[in-house]
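I have placed the structure first, in the form of structure tokens, so that the comments after it can refer back to it.
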Amino acid sequence: MPQPATPSHRPGGTVAPPLRRLLEFTEPSSDDVCLDVARGPGPLPRALRPWVRHVAAVDAPPPLIRERNGRMPTVAFGAGPARVHGGSDPVRAAPRPRARGRGGPDGPASPIRAVRPVPYDGDGARRHDPDTPTVRADATALPYRTGAFTLVTVRSSLLRLGDPRRVLPELLRVCRPGGRLVVAELVRPAAAGRDRDRLERLRDPDHPGTPSVAELTELIASAGGGIRRLDVFTVERPVEPWLAECRDPRAAERIRDALVEEVGGGPRTGARPRLIGGELWFTQNWAHIAAEPVQGRVPAPVQGTSTAAPVK
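Numbered by the UniProt record's numbering, the letters in the sequence shown go through residues 1 to 312 in order.
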């Protein structure tokens, strides 16, 4: 049985195992100029900052939800305990290479072992990193020139930023030829149905649905991205911190009841719950995809987009 992947505790915060795995997959370099596009603040820009030349962050809520509610609620992936398993998806997980370049402040080591701590408030909410420039912008019209960044990242946000058929071409547009776009998303196992989305939508009515790995890679390829590497794996996490982010206590109770019923032999939910040390846990499936702009297929800048570079 896989052993628990214990989070790294450092003064000021915790780096969760899934984030460490993503950092190693991303291969940050001391020459990289990075852009992270997300829905609300997240831990990735701060985690990347020691390993790259420059990091900029875009907070890009979808226009429709922004107009309806006045603000965009953030669904955080907590820093609580997690068990990281090797990929069980039919797509083989790619080996995770070491970080490129000379490494971070601790010398030539992989960021999975030496990354700076990611700060979390006591309730698990993510805090803004004051050292990372953040702008608010439409993900389909980023205020940067074509090819401005060597590394563009989007974590757990792609399908929440608007129509991915419009968002992905824009992410690839600002990515330099020879650079890379790294997408990290929850995915649906190939053999699973869509029952899992029912629980996600109970927890978050704005949940856009969970794509399969094939659907996600096809979206990226159709937008002009050449898929270069793929890492598919599962994460087990406690149910209660996840349900604490649910806006409706009655919906949280319905989800909890469904998971407990499944553990007792009831209908499957797609979350594969089980009891670990008397605590209810469930499983998520993640995919990390690294792509690069395909020459001749990246669209021109969106009208009205600034031509200024992010750094000199």
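For glycine and all other residues, C-beta sits at the position ideal for the given N, C-alpha and C.
Quiz prompt | Assigned exposure category for residue 400 - 16 Cβ within 10 Å defines buried | solution = For residue 400 there is no data in the structure shown, the boundaries of the chain being 1 and 312.
Self-check item: Exposure label - GLY42; buried when at least 16 CB within 10 Å
Solution: Position 42 of the sequence shown, counting from 1, holds the residue named residue 42. With 16 or more other Cβ atoms within 10 Å, it is buried.
Quiz prompt | Same chain, Cβ closer than 8 Å to GLU292, neighbours up to 5 away in sequence not counted | solution = For this step, residue 292 is matched to residue 292 along the sequence shown. Excluding sequence neighbours, GLU292 sits near CYS175, PRO177, GLY178, GLY179, ARG180, LEU181, GLY225, GLY226, ARG228.
Practice problem: For PRO293, name the three-state secondary structure that DSSP assigns. | Solution: Mapped onto the sequence shown, residue 293 falls at position 293. If DSSP states are grouped into helix, strand and coil, PRO293 belongs with the strands.
Self-check item: PRO11 - DSSP class collapsed to helix/strand/coil
Solution: Position 11 of the sequence shown, counted from the start, is the residue given in the question as residue 11. With a pLDDT of only 31 at PRO11, under the threshold of 50, the placement of this residue in the model should not be trusted; the figure read from the coordinates follows. PRO11: coil per DSSP, three-state reduction.
Exercise. Determine contact between the region 35-49 and the region 16-27, defined as no fewer than three beta-carbon pairs at a distance below 8 Å.
Key: yes
Exercise. Using three-state DSSP, classify ARG250 as helix, strand or coil.
Key: Stepping through the sequence shown from its first residue, residue 250 is reached at position 250. Correct three-state label for ARG250: helix.
Practice problem: Mind checking which residues open and close the alpha helix (DSSP H) that includes GLU215? | Solution: Position 215 of the sequence shown holds residue 215. From DSSP, the alpha helix (DSSP H) with GLU215 extends over 213-222.
Practice problem: Could you spell out the range, first to last residue, of the alpha helix (DSSP H) harbouring VAL154? | Solution: By 1-based counting over the sequence shown, the position of residue 154 is 154. Unbroken run through VAL154 is the beta strand (DSSP E), 149-155; no alpha helix (DSSP H).
Practice problem: Using beta-carbon positions only, say whether LEU202 and ILE255 come within less than 7 Å of one another. | Solution: Here residue 202 corresponds to residue number 202 of the sequence shown, with the count starting at 1. Here residue 255 corresponds to residue number 255 of the sequence shown, with the count starting at 1. Their beta carbons are under 7 Å apart, which means LEU202 touches ILE255 by this criterion.
Practice problem: May I ask which residues mark the beginning and end of the beta strand (DSSP E) holding GLU236? | Solution: As a working note, residue 236 is residue 236 in the sequence shown. Element bounds for GLU236: 225-238.
Practice problem: Could you spell out the range, first to last residue, of the alpha helix (DSSP H) harbouring ASP197? | Solution: Counting from 1 along the sequence shown, the entry for residue 197 is found at position 197. Start and end: 195-203.
Quiz item: How would you call ARG173, buried or exposed, if buried means at least 16 neighbouring beta carbons within 10 angstroms?
Solution: Numbered from 1 along the sequence shown, position 173 holds the residue referred to as residue 173. Its Cβ being crowded by 16 or more others within 10 Å, ARG173 is buried.
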